Amino acid sequence: MSEPVVPQVLDVSRLAPPEPLERVLDALADLPAGRPLWVLHRREPFPLYDLLRRMGYGWRTLGEDPRVEILIWPLANPPSEAELAWRIPS
Amino acid sequence: MAAPLFALLAALILVLEGDQILATRWSPATLATIHLLALGFLTQIMCGALFQMLPVLAGSPVARALLVGRATQILLTLGTLFLCFGLYWGHQGLLVLGGLTLAVCVLLFGWAIGAALRRARGAQYTVMAMRFALIGLFVTLALGLFLIAGLLGAESVRFARSDFARWVDLHLAWGLLGWVGVLVMGVAYQVVPMFHVTPGYPRWLMRSAVPAVVAGLLIATLAMGLGMGVWAGFGLALTGVLVFALVTLDRQHRRERPRVDATLLYWWTAMTSAMLAALLWAWGGRAEPIGVLAFVGVGIALPSGMLFKIMPFLSWFHLQYRQLSGRRFDVRIPHMHAFIPERSALIQFGLYLVSLVLLLLAAIWPELAFSVWLVRLGGLATAGAIGFLWWLQLRCSAQYRSFSRRLA
Chain A
1 MSEPVVPQVL DVSRLAPPEP LERVLDALAD LPAGRPLWVL HRREPFPLYD LLRRMGYGWR
61 TLGEDPRVEI LIWPLANPPS EAELAWRIPS
Chain B
1 MAAPLFALLA ALILVLEGDQ ILATRWSPAT LATIHLLALG FLTQIMCGAL FQMLPVLAGS
61 PVARALLVGR ATQILLTLGT LFLCFGLYWG HQGLLVLGGL TLAVCVLLFG WAIGAALRRA
121 RGAQYTVMAM RFALIGLFVT LALGLFLIAG LLGAESVRFA RSDFARWVDL HLAWGLLGWV
181 GVLVMGVAYQ VVPMFHVTPG YPRWLMRSAV PAVVAGLLIA TLAMGLGMGV WAGFGLALTG
241 VLVFALVTLD RQHRRERPRV DATLLYWWTA MTSAMLAALL WAWGGRAEPI GVLAFVGVGI
301 ALPSGMLFKI MPFLSWFHLQ YRQLSGRRFD VRIPHMHAFI PERSALIQFG LYLVSLVLLL
361 LAAIWPELAF SVWLVRLGGL ATAGAIGFLW WLQLRCSAQY RSFSRRLA
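Sequence lines, in order, name chains A and B.
By the count of full-length UniProt numbering, the first sequence reaches residue 90 at its end, each step adding exactly one.
By the count of full-length UniProt numbering, the second sequence reaches residue 408 at its end, each step adding exactly one.
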């Protein structure tokens, strides 16, 4: 049996630039080692992807404007099936 | 960074040629001023914005952006100067040189941006608007070249004197509505909700406003070619702009945070000016106030307001990127708002507003004894506003370079 998902969710969908980017970077720095982060955004954050690539994170984006979910994880710790399947509640 | 210099040159003509400039749209000084603003200031910033926005909004960077961007800027700078001095001095050689240089510039720009737009994903309505805007730019250029050929008396482009003004109107409509208007709409769909945390634009508007403008312009062009009236086409295009401006003001009114910043003030000014210009145009008002509303009320306002957000964001973002890449966490990067302080931005907006009001008063009442002085004072205020804008840009850029060196 897979571990139960304990999601760490960050909602940046009501923030103006550059706060969403700042909050995501802060949240990643504070994240328990190896855990993934779910981000709720209002649009696809293309500039964030460049930074994630540099920092050694993987990501997967679902949905479209104005509701986009981004799952971010350290490349060394890929998410489990259960984590990949989990969605942020509406 | 070069764009404000063109607006400064336009302001200088306003000061020196105040008696000519708003009396008639056909004076050489007026034509030169309009093209300095439309090409040197507005189009230059819009082209630069497309290079910056495509990767951010649609995840599609322009291939060889630095090289193509530099080449486009050089061609646009030279083409604008040739054309504007050609119009100002009535110099045929400069007009031809200007037209050809701008043609090469637009082809190169269109090729590079068109390729990036083909790869674009997401932001469906914005990408659609950008594609239409590119078509608008091509048609504006083609009509401009046609008008230059007509001015030079080319055998194949003989039109009656009365038709000349109608072809100029069509050139103006494609430039203002098809290129500037459509691109502003597409960009607004993304940046208005993003910068001021407003509700998104309604889907019905994003589906219909840009197609209405383009369809209206096509109908007007077809009618013009067939020798028929263009008002049905222009009416449709102007309705698209009017509805877009109204919805934008409504979205901004419903923003999450009640704070008013310089960018928001610029947007309000631009949308109000766009609506007034559209209504005046539809009711057959005089061209001069419409010109001031379109070129100063929208054409100077929107790029200025957007620069106050985009330049600090890009400076902050690139420093973040460098910091993370180099793992230089000992350097504390300033907050985005420190790159252009809000107080300075508000003072700059105040100066701009004075220039708009003075020029508008002069354009509405050219018969007033002191209207020439209104134009000259308006020109001085424009120079002050643009000079201050330029200084704020330089300061932002210097701050970026200073931190960039520390992160190296």
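Where is the CB? At the ideal position from N, CA and C, for every residue including glycine.
Values in this document were obtained by computation on a predicted structure and should not be read as measured data.
Within 8 Å, strictly: CB atoms of residue i and residue j
{"i": "residue 262 (chain B)", "j": "residue 403 (chain B)", "result": "no"}
{"i": "residue 215 (chain B)", "j": "residue 236 (chain B)", "result": "yes"}
{"i": "residue 145 (chain B)", "j": "residue 86 (chain B)", "result": "no"}
{"i": "residue 38 (chain A)", "j": "residue 68 (chain A)", "result": "no"}
{"i": "residue 182 (chain B)", "j": "residue 213 (chain B)", "result": "yes"}
{"i": "residue 15 (chain B)", "j": "residue 376 (chain B)", "result": "yes"}
{"i": "residue 197 (chain B)", "j": "residue 248 (chain B)", "result": "no"}
{"i": "residue 417 (chain B)", "j": "residue 334 (chain B)", "result": "This structure leaves residue 417 (chain B) out entirely; chain B is present only between 1 and 408."}
{"i": "residue 291 (chain B)", "j": "residue 266 (chain B)", "result": "no"}
{"i": "residue 210 (chain B)", "j": "residue 132 (chain B)", "result": "yes"}
{"i": "residue 361 (chain B)", "j": "residue 374 (chain B)", "result": "yes"}
{"i": "residue 233 (chain B)", "j": "residue 220 (chain B)", "result": "yes"}
{"i": "residue 129 (chain B)", "j": "residue 185 (chain B)", "result": "yes"}
{"i": "residue 95 (chain B)", "j": "residue 303 (chain B)", "result": "no"}
{"i": "residue 102 (chain B)", "j": "residue 136 (chain B)", "result": "no"}
{"i": "residue 47 (chain B)", "j": "residue 66 (chain B)", "result": "no"}
As assigned by DSSP and simplified to three states, the class of residue i
{"i": "residue 367 (chain B)", "result": "coil"}
{"i": "residue 58 (chain A)", "result": "strand"}
{"i": "residue 82 (chain B)", "result": "helix"}
{"i": "residue 86 (chain A)", "result": "coil"}
{"i": "residue 26 (chain B)", "result": "coil"}
{"i": "residue 1 (chain A)", "result": "For residue 1 (chain A), the pLDDT reaches just 49, beneath the cut-off of 50, and the residue's location in the model is therefore unreliable, although a value from the coordinates is still provided. Residue state, collapsed to three classes: coil."}
{"i": "residue 78 (chain A)", "result": "coil"}
{"i": "residue 130 (chain B)", "result": "helix"}
{"i": "residue 250 (chain B)", "result": "helix"}
{"i": "residue 30 (chain A)", "result": "helix"}
{"i": "residue 289 (chain B)", "result": "helix"}
{"i": "residue 198 (chain B)", "result": "coil"}
{"i": "residue 405 (chain B)", "result": "helix"}
{"i": "residue 61 (chain B)", "result": "coil"}
{"i": "residue 1 (chain B)", "result": "coil"}
{"i": "residue 10 (chain B)", "result": "helix"}
{"i": "residue 231 (chain B)", "result": "helix"}
{"i": "residue 300 (chain B)", "result": "coil"}
{"i": "residue 329 (chain B)", "result": "coil"}
{"i": "residue 23 (chain A)", "result": "helix"}
{"i": "residue 152 (chain B)", "result": "coil"}
{"i": "residue 308 (chain B)", "result": "helix"}
{"i": "residue 118 (chain B)", "result": "helix"}
{"i": "residue 204 (chain B)", "result": "helix"}
{"i": "residue 35 (chain B)", "result": "helix"}
{"i": "residue 193 (chain B)", "result": "helix"}
{"i": "residue 381 (chain B)", "result": "helix"}
{"i": "residue 280 (chain B)", "result": "helix"}
{"i": "residue 342 (chain B)", "result": "helix"}
{"i": "residue 90 (chain B)", "result": "coil"}
{"i": "residue 123 (chain B)", "result": "coil"}
{"i": "residue 137 (chain B)", "result": "helix"}
Exposure label - residue i; buried when at least 16 CB within 10 Å
{"i": "residue 116 (chain B)", "result": "buried"}
{"i": "residue 253 (chain B)", "result": "exposed"}
{"i": "residue 329 (chain B)", "result": "exposed"}
{"i": "residue 60 (chain B)", "result": "buried"}
{"i": "residue 336 (chain B)", "result": "buried"}
{"i": "residue 370 (chain B)", "result": "exposed"}
{"i": "residue 53 (chain B)", "result": "buried"}
{"i": "residue 260 (chain B)", "result": "exposed"}
{"i": "residue 1 (chain A)", "result": "Any reading at residue 1 (chain A) is ruled out, since the residue's pLDDT is 49, under 50, leaving its predicted position unreliable."}
{"i": "residue 74 (chain B)", "result": "exposed"}
{"i": "residue 409 (chain B)", "result": "There is no way to answer for residue 409 (chain B), as the model of chain B reaches only from 1 to 408."}
{"i": "residue 4 (chain B)", "result": "buried"}
{"i": "residue 89 (chain A)", "result": "exposed"}
{"i": "residue 203 (chain B)", "result": "exposed"}
{"i": "residue 331 (chain B)", "result": "exposed"}
{"i": "residue 37 (chain B)", "result": "buried"}
{"i": "residue 111 (chain B)", "result": "exposed"}
{"i": "residue 24 (chain B)", "result": "exposed"}
{"i": "residue 44 (chain A)", "result": "buried"}
Identity of the residues DSSP links to residue i by a beta bridge
{"i": "residue 39 (chain A)", "result": "A:10 and A:70"}
{"i": "residue 63 (chain A)", "result": "A:68"}
So, do the region 104 to 111 of chain B and the region 88 to 95 of chain B have three or more beta carbon pairs nearer to each other than 8 Å? no
Count the C-beta pairs between the region 10 to 19 of chain B and the region 18 to 26 of chain A that are closer than 8 Å, then say yes if the count reaches three, no if not. no
Meets three-Cβ-pair contact criterion under 8 Å: the region 57 to 73 of chain A and the region 45 to 60 of chain B: no
Below 8 Å, how does it come out for the region 281 to 299 of chain B and the region 310 to 330 of chain B: are there three or more Cβ pairs, yes or no? No, the region 281 to 299 of chain B is not in contact with the region 310 to 330 of chain B.
How about the region 383 to 396 of chain B and the region 341 to 361 of chain B: do they share at least three Cβ pairs that are nearer than 8 Å? yes
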